[in-house]
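> Residue numbers (full-length UniProt numbering): 1 to 290. Every residue, glycine too, gets a C-beta built ideally from N, C-alpha and C. Sharing a structure, written as structure tokens. Questions coming.
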Amino acid sequence: MATQQTRSIARFMMAPSVILLFVWMIVPLLFTLWFSLLQYNPLNPIRDGFVWFDNYKLFYSNPAFLYSILNTLTIVVSVLVITVVGGILLAMLLDQPIWGQGIVRILVISPFFVMPPVAALVWKNMIMHPQYGVFADIARFFGAQPIDWFGQHPLTAIILIVAWQWLPFATLILLTSLQSLDGEQKEAAEMDGAGFLSRFWYLTLPHMSRAITVVILIQTIFLLSIYAEILVTTNGGPGYASTNLPFLVYQKALLEFKIGQASAGGVIAVILANIVAFFAMRAVGKNLDK
């Protein structure tokens with residue numbers, strides 16, 4: 001059991017890294033707050049003074065704002081559902097003794113190591129292209145009309161691309177949790193006559209609950225900042241159909257050079273991320289305490 005002296009030594013040794021991390025986080029945030037109160041254009045770097053909360057009002061009154069919030073939450077929820085459900089199914093499949101199990105596991109987790117812009121380009125030009133893509137060839141094979149994914153269903157296309165990237169992460173975490181399940185418990189359940197669905201619902205799923213909550217928490221944090229996939233594929237369009245909050249901030253900052261409004265959007269994004277993370281942390285904390 002740690003004594004008071006060892007706790008003090010541990011805090012003292014951790015203090016430099018904690019302070020450095022705090023400064024690393026707080027300085028950009030303070031600058032973002034500062035510029036969100038200013039009227040500033042980098043092409044004409046003359047500060048016109050404080051406009052206070054006008055940037056927030058302008059950003060909020062932007063017609064794209066509500067679309068970006070809705071699209072952001074839609075991407076997060078949809079990708080979480082796909083990756084968690086798909087991750088559970090793949091983890092259970094990979095847990096079975098099959099030939100070439102190691103190679104199959106490597107192939108399953110390999111998409112996670114592909115850079116997002118590269119993955120988006122592959123999906124755009126090789127898989128979802130309305131004329132030359134794999135989906136178009138499959139549709140023509142069955143006598144159907146190919147779908148212009150990025151023109152007709154842009155948000156669905158973004159969700160599929162992002163889910164493909166994050167599914168290996170969920171699978172890896174859930175597979176690790178599944179492999180830690182005691183084999184004796186499985187044998188006892190089988191001897192008691194429990195069927196596959198009963199064993200999954202009352203034994204496997206509760207055992208994986210902690211891993212599921214961790215996957216949800218980590219993925220939520222990263223999914224709130226999805227940007228590269230949208231830039232490479234749809235550029236936020238058509239209209240605002242695939243514009244999320246980070247991409248709207250990018251448009252204000254680097255296309256319209258409205259640094260004040262972009263900074264205000266960044267502050268709103270931080271607040272939204274903290275609200276989502278707060279509820280996710282509460283869910284994780286309750287689950288881990290069980």
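Do I226 and V84 have their beta-carbon atoms positioned less than 8 angstroms apart in this structure?
Their beta carbons are not under 8 angstroms apart, which means V84 does not touch I226 by this criterion.
> Out of V79, L93, D95, P168, which one is the CA nearest neighbour of V108?
For V108, the nearest C-alpha among the options comes from P168.
> Can you give the Cα-Cα distance for Q4 and R11, rounded to whole angstroms?
For Q4 and R11, the distance between alpha carbons rounds to 11 angstroms.
> Looking only at DSSP bridge pairs, what is N41 linked to?
Bridge partners of N41: N44.
> For Q165, is the classification buried or exposed, using 16 other Cβ atoms within 10 angstroms of its Cβ as the cut-off for buried?
Buried is the call here.
> Measuring straight from C-alpha to C-alpha, what distance separates G151 and I127?
The alpha-carbon atoms of G151 and I127 are separated by roughly 14 angstroms.
> Which of the three DSSP states is assigned to residue 291 in this structure?
The structure shown does not extend to residue 291, since the chain is modelled only from 1 to 290, so the question has no answer here.
> Mapping the DSSP letters down to three states, classify F257 as helix, strand or coil.
DSSP places F257 in coil when its eight states are reduced to three.
> Whose C-alpha, out of W34, G266, S242, A277, is nearest the C-alpha of S68?
Taking only the C-alpha atoms, the option nearest S68 is S242.
> Could you tell me if G239 is buried or exposed, where buried requires 16 or more neighbouring beta carbons within 10 angstroms of its beta carbon?
With fewer than 16 other Cβ atoms within 10 Å, it is exposed.
> Measuring from the CB of P130, is there a heavy atom of the ligand ATP at a distance below 7 angstroms?
By its list of ligands, the structure shown contains no ligand whatsoever, and the ligand ATP lies outside what it can speak to.
> Tell me the DSSP secondary structure of F112 in three-state form.
DSSP places F112 in helix when its eight states are reduced to three.
> Run through the region 164 to 244 for me and flag every whole alpha helix (DSSP H) of 4 or more residues, listed as ranges in chain order.
Complete alpha helix (DSSP H) runs here, min 4: 183 to 191, 196 to 199, 205 to 223, 228 to 233.
> Quick one: what does DSSP say F50 is sitting in, helix, strand or coil?
Here F50 sits in strand by DSSP.
> By the 10 Å Cβ neighbour count, where 16 or more other Cβ atoms means buried, how is G266 classified, buried or exposed?
It is buried - the Cβ of G266 has at least 16 other Cβ atoms within 10 Å.
> Go through its chain and collect everything with a Cβ distance to M1's Cβ below 6 angstroms, but skip five positions before and after it.
The predicted position of M1 is uncertain, since its pLDDT is 48 and thus under 50; a value taken from the coordinates is nonetheless stated next. The answer is none, since no qualifying residue turns up.
> Could you give the residue range of the alpha helix (DSSP H) that holds W149?
Unbroken alpha helix (DSSP H) run through W149: 149 to 152.
> Would you report the Cα separation of residue 294 and N235, rounded to the nearest angstrom?
The requested residue 294 is not part of the displayed model; the chain covers only 1 to 290.
> Beta carbon of I161, beta carbon of A120: below 8 angstroms?
Contact flag set, yes.
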